[in-house]
Amino acid sequence: MESDPQLRALAARLAAAGRLSVLTGAGVSAASGVPTFRGEGGLWRTFRAEDLATPEAFARNPRLVWEWYDWRRQIVAACAPNAAHQVLARWGRRPGFTLVTQNVDGLHELAGSPDVARFHGSIWEVRCRDWCAGSPPSWTDRTVPLPVLPPPCPHCGGIVRPNVVWFGETIDPRVFARALAATSCDVFLTVGTSALVYPAAGLVHEASRQGAFTAEINIERTPASDALDLALQGKVEEVLVALDRLMEAATAPEP
Ligand code: NAD
Ligand code: ZN
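Here the working numbering is used: the first residue of the sequence shown is 656, the next is one more, and so on.
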């Protein structure tokens, strides 16, 4: 793999980048055993993720939506970060590096990535559905499985919801601002994302507009592929390791 000219070209770009931003999607956690939304295992019972991850679905049937999140929390709790998370955690120590993720599983943090911009929140956080006066904006709850569904709000007796961004909801403005700032960079790399979910999918195009070199790693072509400078096809957990090795070789002192 490491003799591939496209891979070598990308490694050279990455090694030379003063400011490097990476956007990750569900494909990065696939090798850890976390199902993607659109791949195999994306269906839960008979439901598509797009029909459960909405405020309307939660208003209609909070118990059903919570059963799905409780199931996902149990899967993720049994998963460990893979080689892709580990390479990105190492790159996180470089100055000028920003990691933006659409993933809600917390595996980047578990691998040691610092300051992850969590575009879509976290399944390990909850908040009061009614933003009751007594409750903090959100809090961590790692209990798996949850004993009562939907879980009660300890502050008002109402119910809590996962602190994630559902289809049709807006991104936390502070996180959005960080992600937008990350589009001002030398290289913007998107990995393991279907490039279908906006506004996250727009970030790479904004980076391109600002003059960044843009690249993608995915097992298949995506709607973004044609617009990017480089679209590499392959498993992210293999391609990132190969890139990391090439970058190290490029920066190693001459013997
Ligand atoms: P998606 O399910 O729509 O797309 C996953 C993409 O990853 C696909 O394009 C697929 O081709 C690619 N892929 C799968 N395995 C891969 C591998 N080994 N190497 C490289 N690419 C691989 O996910 P998305 O684009 O992240 O967007 C959907 C939304 O779903 C996001 O909001 C995300 O937060 C959420 N989601 C998160 C998780 C998670 O936290 N792990 C899991 C499922 C969905
Ligand atoms: Zn409450």
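Don't be surprised by glycine CBs; every beta carbon is placed ideally from N, CA and C.
Considering only heavy atoms of ligand 4, does any lie closer than 7 Å to the CB of residue i?
i: residue 875; result: For ligand 4, the structure offers nothing, since it holds only ligand 1 and ligand 2.
Assuming residue i and residue j make a contact with CB atoms under 8 Å, what is their CB distance in whole Å?
i: residue 760; j: residue 684; result: 6 Å
i: residue 871; j: residue 880; result: 6 Å
i: residue 677; j: residue 846; result: 6 Å
i: residue 707; j: residue 720; result: 6 Å
i: residue 818; j: residue 839; result: With a Cβ gap of about 28 Å, residue 818 and residue 839 do not count as contacting.
i: residue 834; j: residue 744; result: The pair is not a contact, with the Cβ atoms about 19 Å apart (cut-off 8 Å).
i: residue 704; j: residue 842; result: Not confirmed; about 30 Å, so no contact.
i: residue 905; j: residue 670; result: 5 Å
i: residue 734; j: residue 698; result: Wrong, their Cβ atoms sit about 19 Å apart, outside the cutoff.
i: residue 915; j: residue 662; result: Since the displayed the chain opens at 656 and closes at 910, residue 915 lies outside it and no answer follows.
i: residue 868; j: residue 715; result: Not quite, the Cβ-Cβ distance comes to about 45 Å (not below 8 Å), so this is no contact.
For the beta strand (DSSP E) containing residue i, list its first residue and its last residue.
i: residue 779; result: 776-783
i: residue 676; result: 675-679
i: residue 843; result: 842-846
Just to confirm the assignment, what range does the alpha helix (DSSP H) spanning residue i have?
i: residue 828; result: 828-836
i: residue 669; result: 660-671
i: residue 863; result: 858-864
i: residue 710; result: 710-715
i: residue 765; result: 762-766
i: residue 744; result: 738-746
In the DSSP output, what is residue i paired with across the bridge?
i: residue 873; result: 888
i: residue 756; result: 679, 773
i: residue 807; result: 814
i: residue 699; result: 702
i: residue 795; result: 780
i: residue 819; result: 776
i: residue 868; result: 842
Starting from the C-beta of residue i, find all residues in its chain whose C-beta is less than 7 Å away, skip the five residues before and the five after it, and write them out in chain order.
i: residue 816; result: 713, 781, 782, 784
i: residue 820; result: 775, 776, 826
i: residue 665; result: 870, 885, 887, 898
i: residue 717; result: 805, 814
i: residue 765; result: 736
i: residue 878; result: 850, 851
i: residue 795; result: 779, 780
i: residue 854; result: 826
i: residue 693; result: 849
Can you give me the Cβ contacts of residue i inside the same chain, cut-off strictly under 6 Å, excluding the 5 residues immediately before and after it?
i: residue 656; result: 897
i: residue 680; result: 757, 847, 848
i: residue 746; result: 752
i: residue 674; result: 751, 840, 841
i: residue 710; result: 821
i: residue 876; result: none
Excluding the 5 residues flanking residue i on each side, which residues of the same chain have their C-beta closer than 8 Å to its C-beta?
i: residue 890; result: 686, 874
i: residue 696; result: 690
i: residue 808; result: 783, 784, 785, 787, 790, 814, 815
i: residue 722; result: 804
i: residue 893; result: 656, 738
i: residue 729; result: 799, 800
Pocket of ligand 2 defined by Cβ to heavy atom distance under 5 Å: This selection yields 783, 787, 790, 808, 810, 811, 813.
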